[in-house]
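Only one structure is covered here, and it is reproduced in the block below.
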Amino acid sequence: MRCLGDLTSADFIEKISGGVYSPKIEFGYIPINLEKMKEEDLDKEILRVGMIAELDAVSLYEQLAAMTENENIKKILLDIAKEEKTHVGELQALLLKEDKEQVKELEKVEKKSMN
Ligand SMILES: [Fe+2]
17 MRCLGDLTSA
27 DFIEKISGGV
37 YSPKIEFGYI
47 PINLEKMKEE
57 DLDKEILRVG
67 MIAELDAVSL
77 YEQLAAMTEN
87 ENIKKILLDI
97 AKEEKTHVGE
107 LQALLLKEDK
117 EQVKELEKVE
127 KKSMN
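For the record, in the sequence shown the residue sitting at position 62 is 78 according to our numbering, with numbers rising by one throughout.
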């Protein structure tokens, strides 16, 4: 299964990424080639790719939960989606340790949202 429906089909990603994308992670294709990253950016990019995969998983499980009328299956799928949200948070926490620019941008948004 590919992520984000038609927008992230392999053909679309191949088109916008100049034909280079990898790796296939969990439920979708990640539009990034980690082999071309600068070494100092590699961990940040790994964490971002992980976040993409986890967010993709959240969407998938929530969509699957919405599709079933079996309450037990729905409950389990929503529990799994919640776990995936935890994974997003874990990766984000790690990213914020590695990417000080991301911290500054997050702080800007938080200040704006308080006004
Ligand atoms: Fe996960």
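Quick reminder that beta carbons are idealized off the backbone N, C-alpha and C, glycines included.
Span of the alpha helix (DSSP H) around residue i
i, result
"Met53", "Premise fails: Met53 is in no alpha helix (DSSP H) and is neither H nor E."
"Asn88", "Glu87 to Glu114"
"Asp57", "Looking at the DSSP string, Asp57 is not in any alpha helix (DSSP H), and its letter there is neither H nor E."
Contact under 9 Å by Cβ, residue i with residue j
i, j, result
"Lys154", "Glu55", "No answer is possible for residue 154: the residues shown for the chain start at 17 and end at 131."
"Met67", "Leu111", "yes"
"Lys60", "Glu114", "yes"
"Tyr77", "Leu58", "no"
Residue i versus residue j: straight-line alpha-carbon distance, rounded
i, j, result
"Ile62", "Leu107", "9 Å"
"Val74", "His103", "10 Å"
"Glu123", "Asn131", "13 Å"
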